[in-house]
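This report refers to the structure that appears directly beneath it.
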Amino acid sequence: MNTKRVVALIIAAVLLFFSIGINTIITIFKTDFFSSFDMLGSDALTYENVVETGDFTKRIANLKVDGVIQDVGEPSIWETVDYNHQVFLEQLDAVLNDETVKGVLLTVNTPGGGVIESEEIYQKLLQIKEERQIPIYVTMGAMAASGGYYISAPADKIFAQRETITGSIGVIMQSINYEKLAEKIGVEFETIKSGEHKDMFGGPRPSTKEELAMLQEMIDESYEHFVDIIEAGRNMSEAEVKKVADGRVLGGTQALRAGLVDEIGNKEAAINALRADHDLEDAQLFEYTMDTSSWGSLLGMKLGSMFSPSAESQVLSKIISSTNSPRMMYLYGDY
Numbered sequence: 001m002n003t004k005r006v007v008a009l010i011i012a013a014v015l016l017f018f019s020i021g022i023n024t025i026i027t028i029f030k031t032d033f034f035s036s037f038d039m040l041g042s043d044a045l046t047y048e049n050v051v052e053t054g055d056f057t058k059r060i061a062n063l064k065v066d067g068v069i070q071d072v073g074e075p076s077i078w079e080t081v082d083y084n085h086q087v088f089l090e091q092l093d094a095v096l097n098d099e100t101v102k103g104v105l106l107t108v109n110t111p112g113g114g115v116i117e118s119e120e121i122y123q124k125l126l127q128i129k130e131e132r133q134i135p136i137y138v139t140m141g142a143m144a145a146s147g148g149y150y151i152s153a154p155a156d157k158i159f160a161q162r163e164t165i166t167g168s169i170g171v172i173m174q175s176i177n178y179e180k181l182a183e184k185i186g187v188e189f190e191t192i193k194s195g196e197h198k199d200m201f202g203g204p205r206p207s208t209k210e211e212l213a214m215l216q217e218m219i220d221e222s223y224e225h226f227v228d229i230i231e232a233g234r235n236m237s238e239a240e241v242k243k244v245a246d247g248r249v250l251g252g253t254q255a256l257r258a259g260l261v262d263e264i265g266n267k268e269a270a271i272n273a274l275r276a277d278h279d280l281e282d283a284q285l286f287e288y289t290m291d292t293s294s295w296g297s298l299l300g301m302k303l304g305s306m307f308s309p310s311a312e313s314q315v316l317s318k319i320i321s322s323t324n325s326p327r328m329m330y331l332y333g334d335y
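Under UniProt numbering, residue 335 is the last one in the sequence shown; the count climbs by one each step, no gaps.
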C-alpha cells in the first residue's frame, strides 16, 4: 500500500468519526423528543414521521414492506438494504406496545421472500389484531405476490390497484446442478458423507427420485399451510383458494373477482376507508422512517463508492461465499 493510499484512509477515518459526532449532536437538537423520535432497539435511528397531522391520542401507523422479504442482516456504512427484516419486526412490536395506535395501514410492494420471514410478519400481525383489537388495512403497490400476499391475508381489508401484480400463491425451492459444467472444466468433487442423502439437492450431482419426493413433501406441506392462511384470512373455502393457488399471478381486477382483495383503489383510498370505517377521521397518520440525510449516511455512501471492490470482484465473492443451500421461498420471479 503506497503512502497516498495510507493518507487517504487516515483522512477518511478522521472525517468519519467527526461526521458521526456532528450528526449525533444535530440529531439530538433537531428531534422532537415527545412525538417524532423513537429508538426501536436496533443500531439505526428510527423516527416517527408525521404524514398527516391529527389527534395524537388515536393514530394510524403506516408500515411499509418494500423489497424482498428476507433477513439479510443489518446494513453497514458501506451498503444499504432495501428491506430490513429485523427493523420491520421492531416496528410491529412498537405498534403492539403503543396504545395511541388505533389502526394500521400496511403498504406492501414486494415479490415475496423467505418462508420463515413471511411467517414471522404474519404472526406479528395476528398478535396485533388479537391483543390490540385494532384494524389492519393493506394497500398493494406494483407487486404484492407470494409472500407479499401471505402477509396481506390477515388484513381486515385489502386494496389493490388495477396494475398490481398479486397472487403467485405457492412455494418454490431451487438449486443449481453444475455437474456437467464441472466435468467440462475438469473439476472433480470428493465427498465424504454420513448418509446417502447428506448432499442431496446440493449441486454437484443430480437428485434422485427419492430425494425429489422428500423435497416435494416439504413443499406440499408449506403450500397447504399457505392455503390455510388464505382460507382463514379471506373467509374462503379450500376449493375457492385452490382455484387460483397454482402459482399464477393476477392483476388487481382478477384478484378482486377471485376474492383475494376487497377493493380496487390506491393508498389514499385505503387510508380514507380506514378512517371512515373505524371512526379515525381526525387520527394522526405517521410512518417509521430512517434518517438517510445525515452527514454520516452521506459520508458512508461516499466511502463505500471510494473503497468498495469492483463489480466483478463482488460477484466473485458472492459465488465463493455462497453455500448453494436451497431454501423454501414464498417468492415470485427471479430475485
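All C-beta atoms in this analysis are idealised placements derived from N, C-alpha and C, irrespective of residue type, glycine included.
The region 205-223 and the region 165-182 touch, with three or more beta-carbon pairs separated by less than 8 Å. By the criterion of a C-beta distance shorter than 7 Å, LYS129 is surrounded in its chain by ILE136, PRO154, once the five residues flanking it on both sides are discounted.
Residue pairing for PHE286: DSSP places it in a beta bridge opposite VAL50, ALA61. Put simply, of ALA213, LEU331, LEU285 the residue whose alpha carbon is nearest the alpha carbon of ARG248 is LEU331.
Contact between the region 252-271 and the region 81-92 is absent: fewer than three C-beta pairs spanning the two stretches fall below 8 Å.
When secondary structure is reduced to three states using DSSP, GLU188 falls in the coil class, being assigned neither helix nor strand.
For GLY259, the secondary structure class from DSSP, reduced to helix, strand or coil, is coil. If you draw a straight line from the Cα of GLU183 to the Cα of ARG327, it is about 26 Å long. In terms of Cβ geometry, VAL51 and ASN62 form a close pair [threshold 8 Å]. Rounded to the nearest whole angstrom, the C-alpha separation of GLU211 and HIS197 is 7 Å. Exclusion of the five residues before and after GLY54 leaves ASP282, ALA283, GLN284, LEU285 as the residues of its chain whose Cβ lies within less than 8 Å of its Cβ.
Listed as beta-bridge partners of LEU331 by DSSP are GLY112. Beta-bridge analysis with DSSP links ILE230 to no other residue. Here THR164 really is in contact with MET140; their C-beta atoms are around 5 Å apart, less than 8 Å. The alpha-carbon separation between ASP220 and ASP279 amounts to approximately 42 Å. Nearest Cα to ILE134 within the set GLU240, LYS243, GLU99, GLY112: GLU99. Assigned with DSSP and collapsed to three states, TYR223 falls in helix. In the three-state reduction of the DSSP assignment, TYR137 falls in the strand class, which pools E and B. The residue among GLU131, ILE230, SER222 with its C-alpha nearest the C-alpha of LYS102 is GLU131.
Beyond the five residues adjoining it in sequence on each side, HIS85 comes within less than 6 Å, by CB distance, of ASP71, GLU117 in the same chain, given in chain order.
In the DSSP assignment, ALA245 falls outside any beta strand (DSSP E) and carries neither an H nor an E. Between the alpha carbons of MET143 and GLU224 lies a distance of about 23 Å.
Taking C-beta atoms as the reference points, LEU250 and ALA258 count as a pair closer than 8 Å. For GLY170 against ALA245, the beta-carbon gap comes to about 7 Å, under 8 Å, which counts as contact.
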